[in-house]
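J.:
Protein chains: 2
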Amino acid sequence: MTELHRIAIDTMSGDNGLSAAIPAALLFLKEYNDTALILVGDESKILDELRKHNQEPNERIKVQHASEVVLMNESPALALRGKKDSSMRVAINLVKDESADAAVSAGNTGALMATGRFVLRTLKGIDRPAICAPIPAASGHTYVLDLGANIDSTSEHLYQFAIMGSELATAIDGVEKPRVGLLNIGSEDMKGNEQVKAAHKQLQDGGFNYIGFVEGNDIFHGEVDVIVCDGFVGNVALKTSEGLAKMLSQEIKAGYTKSIFTKIAALVSYPVLKSFRQRFDHRRYNGASFLGLKGIVIKSHGGADDVAFANAIGIARKAVIEKVPDKIEEQLQKHLVD
Amino acid sequence: MTELHRIAIDTMSGDNGLSAAIPAALLFLKEYNDTALILVGDESKILDELRKHNQEPNERIKVQHASEVVLMNESPALALRGKKDSSMRVAINLVKDESADAAVSAGNTGALMATGRFVLRTLKGIDRPAICAPIPAASGHTYVLDLGANIDSTSEHLYQFAIMGSELATAIDGVEKPRVGLLNIGSEDMKGNEQVKAAHKQLQDGGFNYIGFVEGNDIFHGEVDVIVCDGFVGNVALKTSEGLAKMLSQEIKAGYTKSIFTKIAALVSYPVLKSFRQRFDHRRYNGASFLGLKGIVIKSHGGADDVAFANAIGIARKAVIEKVPDKIEEQLQKHLVD
Numbered sequence: 005m006t007e008l009h010r011i012a013i014d015t016m017s018g019d020n021g022l023s024a025a026i027p028a029a030l031l032f033l034k035e036y037n038d039t040a041l042i043l044v045g046d047e048s049k050i051l052d053e054l055r056k057h058n059q060e061p062n063e064r065i066k067v068q069h070a071s072e073v074v075l076m077n078e079s080p081a082l083a084l085r086g087k088k089d090s091s092m093r094v095a096i097n098l099v100k101d102e103s104a105d106a107a108v109s110a111g112n113t114g115a116l117m118a119t120g121r122f123v124l125r126t127l128k129g130i131d132r133p134a135i136c137a138p139i140p141a142a143s144g145h146t147y148v149l150d151l152g153a154n155i156d157s158t159s160e161h162l163y164q165f166a167i168m169g170s171e172l173a174t175a176i177d178g179v180e181k182p183r184v185g186l187l188n189i190g191s192e193d194m195k196g197n198e199q200v201k202a203a204h205k206q207l208q209d210g211g212f213n214y215i216g217f218v219e220g221n222d223i224f225h226g227e228v229d230v231i232v233c234d235g236f237v238g239n240v241a242l243k244t245s246e247g248l249a250k251m252l253s254q255e256i257k258a259g260y261t262k263s264i265f266t267k268i269a270a271l272v273s274y275p276v277l278k279s280f281r282q283r284f285d286h287r288r289y290n291g292a293s294f295l296g297l298k299g300i301v302i303k304s305h306g307g308a309d310d311v312a313f314a315n316a317i318g319i320a321r322k323a324v325i326e327k328v329p330d331k332i333e334e335q336l337q338k339h340l341v342d
Numbered sequence: 005m006t007e008l009h010r011i012a013i014d015t016m017s018g019d020n021g022l023s024a025a026i027p028a029a030l031l032f033l034k035e036y037n038d039t040a041l042i043l044v045g046d047e048s049k050i051l052d053e054l055r056k057h058n059q060e061p062n063e064r065i066k067v068q069h070a071s072e073v074v075l076m077n078e079s080p081a082l083a084l085r086g087k088k089d090s091s092m093r094v095a096i097n098l099v100k101d102e103s104a105d106a107a108v109s110a111g112n113t114g115a116l117m118a119t120g121r122f123v124l125r126t127l128k129g130i131d132r133p134a135i136c137a138p139i140p141a142a143s144g145h146t147y148v149l150d151l152g153a154n155i156d157s158t159s160e161h162l163y164q165f166a167i168m169g170s171e172l173a174t175a176i177d178g179v180e181k182p183r184v185g186l187l188n189i190g191s192e193d194m195k196g197n198e199q200v201k202a203a204h205k206q207l208q209d210g211g212f213n214y215i216g217f218v219e220g221n222d223i224f225h226g227e228v229d230v231i232v233c234d235g236f237v238g239n240v241a242l243k244t245s246e247g248l249a250k251m252l253s254q255e256i257k258a259g260y261t262k263s264i265f266t267k268i269a270a271l272v273s274y275p276v277l278k279s280f281r282q283r284f285d286h287r288r289y290n291g292a293s294f295l296g297l298k299g300i301v302i303k304s305h306g307g308a309d310d311v312a313f314a315n316a317i318g319i320a321r322k323a324v325i326e327k328v329p330d331k332i333e334e335q336l337q338k339h340l341v342d
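Residue numbers (this note's numbering), protein chains in the order written: chain A, 5 to 342; chain B, 5 to 342.
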């Protein structure tokens, strides 16, 4: 029998805590039988929650006690110094001491990144880890990084993001030579700031499948697999998309519930609206990878429900199987030597 | 009789040139009888196009010949130096010598900004002009600037953008004390780059209706009137929104045309879909203001049709009536003295 993959789940963080994390873990375990989960948090509460679902610890459901919880609005520095027995910290410690192959948390992004960086350290050759997530596009999805771990990225950082994003796209989706684009505000060579211009040159010579500058709208065209940008810019692009998608879906809903006639229209349109909703269900895209660390850390959205959280655990499993950090390190050495 | 407002129209630029600009001018003139338009471009072609619509020059339709056209992908520097008789340049010259109160062009953004800056100069106290446009929100719309005229904006530039954006919101929509937000990647005081942090302090002390940091999703919440950001960031946010909106509308269309059943659903849904489309019709939001110049320059989208272009002329008319540059200058002096 092959050994089980082991993923540590921070069950206490996020807006929904245990009530999302435990059902998510059980959903995940039903789908994949090659992985064991280590549920990290208040042991008695975890056991209570498991009991609600008629479950108890077993070979694939382990429990690891942690006495504290990092709050969603807590300062990363304070969380790091003050809460050494938080569910988040203990989950990452398990990765560090090789008791787990990956950690998943829906907690405070800043604290998770700071803890991941402090405990696991960055890969040799990586100055700054980056946050990378898939964004739905006309065909499939586009990986965008950095989504907010770094601001004021240099051209060298952008180059490292390209290596990391390419490896993630290959690992998760099996894309052989991911098309890499550099986010800019125009496709002419003359536009953009100094960092972007310098990164453009480096990427042209870097042995990537580099397609050049792309603009914000290209995120959704499905003609590029990985888009590289500074974390301030990437975070604004992500939040802007989320905000627009939310507003549009609310407006469509409001339009279809205005009167008895529009409600009938909604009924008749049900198959269309349903397939549309499924296609763009943000839960399917949940699970951002913290790339550049010596270990796998996946961030689930703070407000994730069980389905979304289970998806993030699925991303962690794939990253474990594909050994993403090792592959990034290999590529880094190759690019540094080149 | 009160004097007519006079707006110069660059009829030759943009993807659609005369075939959008002339019908747009006629649409506009039908709606407003207080304004005369000066159609700038190849005189014989303009007259031909007018004739197609059974029109000829009159008190409200003037023609001003210009022998050249700035191409959409032409370098701003080359356009400025090499094409001194372009329709774009001549339209802006008319503003400079006070033969027109405003200029509207669907041409190359970079060339239009460079020409506007060179010919009209910037207002005293403004280091960099900015591009500002309304983006549809849950209630009404949100003005965002800068949308790409500047990169690497300092805190002082961001502060100036706040002054200009506030004055525009007041002039165009009559909002008395526009709520101003500063785009950042988190709402905590500690986040953001140095420029954003410094601008935050300046804005808190600036006598604005300043509501603090906002994030990308707040563009669409309708709870802020003006959002200030660096041009690189603003351009990415704008293009990202455009790209997402386009993809979603294509996917909805595809969903409703899949089969005979979904086509029936589309028919039944027609009133809902129509009101939705009208609400978010990008043509209603066409017309970006170049703020900070000693004169009014409005940029129409390169691909604008007649309805969209006419909307941009409408924005120019409102800016003329409300004397936007004068008001910005007044506010600048006040803020500088404070």
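Don't be surprised by glycine CBs; every beta carbon is placed ideally from N, CA and C.
Values in this document were obtained by computation on a predicted structure and should not be read as measured data.
1. In chain B, what lies closer than 8 angstroms to E78 of chain A by C-beta?
2. With respect to the beta strand (DSSP E) encompassing F284 of chain A, which residues constitute its N-terminal and C-terminal limits?
3. Quick one: which residues of the region 237-263 of chain B get their C-beta closer than 8 angstroms to a C-beta of chain A? List them in chain order.
4. What whole-angstrom Cβ distance do G307 of chain A and I223 of chain B have, given they're in contact under 8 angstroms?
5. With distances taken from CA atoms, which of B:R85, B:C136, B:A110, B:G111 is nearest V123 of chain B?
6. The beta strand (DSSP E) that contains H145 of chain B, what's its start and end?
7. Go ahead and pull the three-state DSSP assignment for Y36 of chain B.
8. Can you pull the chain A residues whose beta carbon is under 8 angstroms from the beta carbon of I223 of chain B, in chain order?
9. Which bits of chain B does G220 of chain A rub up against, with CB to CB less than 8 angstroms?
10. Is it buried or exposed, I325 of chain A, if we count other Cβ atoms within 10 angstroms and call 16 or more buried?
11. In this structure, does DSSP put G45 of chain A in helix, strand or coil?
12. Using a Cβ cut-off of 9 angstroms, which residues of the region 275-289 of chain B contact any Cβ in chain A, in chain order?
13. Which residue comes first and which comes last in the beta strand (DSSP E) that contains A107 of chain A?
14. Would you grab the beta carbon distance between A107 of chain A and V99 of chain A for me? Rounded to a whole angstrom, and I think it's under 8 angstroms.
15. Could you check the C-alpha separation between G21 of chain A and T266 of chain B for me, to the nearest Å?
16. I need the boundaries of the beta strand (DSSP E) containing A213 of chain B, first residue and last residue.
17. Find out if the Cβ-Cβ distance for the pair S17 of chain B, N112 of chain B is shorter than 8 angstroms.
18. Please tell me whether I96 of chain B and K66 of chain B are closer than 8 angstroms, where the distance is taken between their beta carbons.
19. List, in chain order, every chain B residue whose beta-carbon is nearer than 7 angstroms to that of S17 of chain A.
20. Can you tell me which of A:A323, A:N315, A:V44, A:I135 puts its alpha carbon nearest to the alpha carbon of L33 of chain A?
21. Looking at C-alpha atoms only, which residue of A:T126, A:G299, A:A292 is the closest neighbour of A104 of chain A?
22. Tell me, please, whether the region 198-214 of chain A touches the region 210-230 of chain B by the rule of three or more beta-carbon pairs shorter than 8 angstroms.
23. How close, in whole Å, do the beta carbons of L127 of chain B and G296 of chain B come, if the pair is a contact with beta carbons under 8 angstroms?
24. With C-beta atoms as the reference, is I26 of chain A less than 8 angstroms away from L54 of chain A?
25. Which class does Q335 of chain B belong to by DSSP, given the choice of helix, strand or coil?
26. Could you give the C-beta distance for V240 of chain A and L187 of chain B, rounded to a whole number, given that I count them as a contact under 8 angstroms?
27. Let me make sure I understand the geometry here. Which of A:V230, A:A270, A:S293, A:S253 has the alpha-carbon closest to that of V148 of chain A?
28. Roughly how many angstroms lie between the CA atoms of K343 of chain B and P140 of chain B, to the nearest whole one?
T.: According to the structure shown:
1. On the first sequence, residue 78 of chain A is found 74 positions in, with the first residue counted as 1. E78 of chain A does not reach chain B, its nearest Cβ partner there being about 10 angstroms away, counting only Cβ pairs nearer than 8 angstroms.
2. Residue 284 of chain A sits at position 280 when you count from the first residue of the first sequence. Looking at the DSSP string, F284 of chain A is not in any beta strand (DSSP E), and its letter there is neither H nor E.
3. So the list reads V237, N239, V240, A241, L242, K243, T244, S245, E246, G247, L248, A249, K250, M251, L252, Q254, E255, I256, G259, Y260, K262, given in the order they occur along the chain.
4. Along the first sequence, read from residue 1 onward, the residue named residue 307 of chain A stands at position 303. Along the second sequence, read from residue 1 onward, the residue named residue 223 of chain B stands at position 219. No, G307 of chain A and I223 of chain B are not in contact; Cβ-Cβ is about 20 angstroms, not under 8 angstroms.
5. As a first step, residue 123 of chain B is located in the second sequence; it is residue number 119 there, counting from the start. Distance check between V123 of chain B and each of B:R85, B:C136, B:A110, B:G111 places B:R85 closest, using alpha-carbon atoms only.
6. Numbered from 1 along the second sequence, position 141 holds the residue referred to as residue 145 of chain B. Going by DSSP, H145 of chain B is part of the beta strand (DSSP E) stretching over 145-149.
7. Within the second sequence, numbered from 1, the residue matching residue 36 of chain B stands at position 32. DSSP places Y36 of chain B outside both helix and strand once states are collapsed to three, so it counts as coil.
8. As a working note, residue 223 of chain B is residue 219 in the second sequence. At a C-beta separation below 8 angstroms, I223 of chain B has these neighbours in chain A: T244, G247, L248.
9. For this step, residue 220 of chain A is matched to residue 216 along the first sequence. Within chain B, N239, V240, A241, L242, K243, T244, S245, E246, G247 have C-beta atoms less than 8 angstroms from the C-beta of G220 of chain A, given in sequence order.
10. Your numbering for residue 325 of chain A matches position 321 in the first sequence. Counting Cβ neighbours within 10 Å, I325 of chain A comes out exposed, since fewer than 16 surround it.
11. For the purposes of this step, residue 45 of chain A is identified with residue 41 of the first sequence, where counting begins at 1. Here G45 of chain A sits in strand by DSSP.
12. Among the residues of the region 275-289 of chain B, those with a Cβ less than 9 angstroms away from any Cβ of chain A are P275, V276, L277, S279, F280, R283, F284, in the order of the chain.
13. Along the first sequence, read from residue 1 onward, the residue named residue 107 of chain A stands at position 103. Residues 106-109.
14. Here residue 107 of chain A is taken as the residue at index 103 of the first sequence, counted from 1. Here residue 99 of chain A is taken as the residue at index 95 of the first sequence, counted from 1. The C-beta separation of A107 of chain A from V99 of chain A comes to about 5 angstroms, placing the pair in contact by the 8 angstroms criterion.
15. Within the first sequence, the letter at position 17 stands for residue 21 of chain A. Within the second sequence, the letter at position 262 stands for residue 266 of chain B. Taking the straight line joining both Cα atoms gives about 40 angstroms.
16. As a first step, residue 213 of chain B must be located in the second sequence, where it is residue number 209. The sequence shown places Asn at residue 213 of chain B, rather than the Ala named in the question. Counting along the chain, the beta strand (DSSP E) containing N213 of chain B begins and ends at 213-218.
17. Here residue 17 of chain B refers to the residue found at position 13 when the second sequence is read from its first residue. Here residue 112 of chain B refers to the residue found at position 108 when the second sequence is read from its first residue. Yes. Within cutoff.
18. Position 92 of the second sequence holds residue 96 of chain B. Position 62 of the second sequence holds residue 66 of chain B. Their beta carbons are not under 8 angstroms apart, which means I96 of chain B does not touch K66 of chain B by this criterion.
19. For this step, residue 17 of chain A is matched to residue 13 along the first sequence. Under a criterion of Cβ atoms nearer than 7 angstroms, no residue of chain B is adjacent to S17 of chain A; the nearest Cβ is some 17 angstroms distant.
20. Against the first sequence, residue 33 of chain A aligns to sequence position 29. The shortest C-alpha separation from L33 of chain A is found at A:N315.
21. Here residue 104 of chain A refers to the residue found at position 100 of the first sequence. If we check each option's Cα against that of A104 of chain A, A:G299 comes out closest.
22. No, the region 198-214 of chain A does not touch the region 210-230 of chain B.
23. Within the second sequence, numbered from 1, the residue matching residue 127 of chain B stands at position 123. Within the second sequence, numbered from 1, the residue matching residue 296 of chain B stands at position 292. Contact between L127 of chain B and G296 of chain B is confirmed by a C-beta separation of about 6 angstroms, below the 8 angstroms threshold.
24. On the first sequence, residue 26 of chain A is found 22 positions in, with the first residue counted as 1. On the first sequence, residue 54 of chain A is found 50 positions in, with the first residue counted as 1. Going by C-beta atoms, I26 of chain A is nearer than 8 angstroms to L54 of chain A.
25. By one-based count along the second sequence, residue 335 of chain B stands at place 331. Helix at Q335 of chain B.
26. Here the question's residue 240 of chain A lines up with position 236 in the first sequence. Here the question's residue 187 of chain B lines up with position 183 in the second sequence. About 6 angstroms separates the beta carbon of V240 of chain A from that of L187 of chain B, a gap short enough to meet the 8 angstroms contact definition.
27. Position 144 of the first sequence, counted from the start, is the residue given in the question as residue 148 of chain A. That would be A:V230, whose Cα lies nearest to the Cα of V148 of chain A.
28. Only positions 5 to 342 of chain B appear in the structure, and residue 343 of chain B is not among them; the question remains open.
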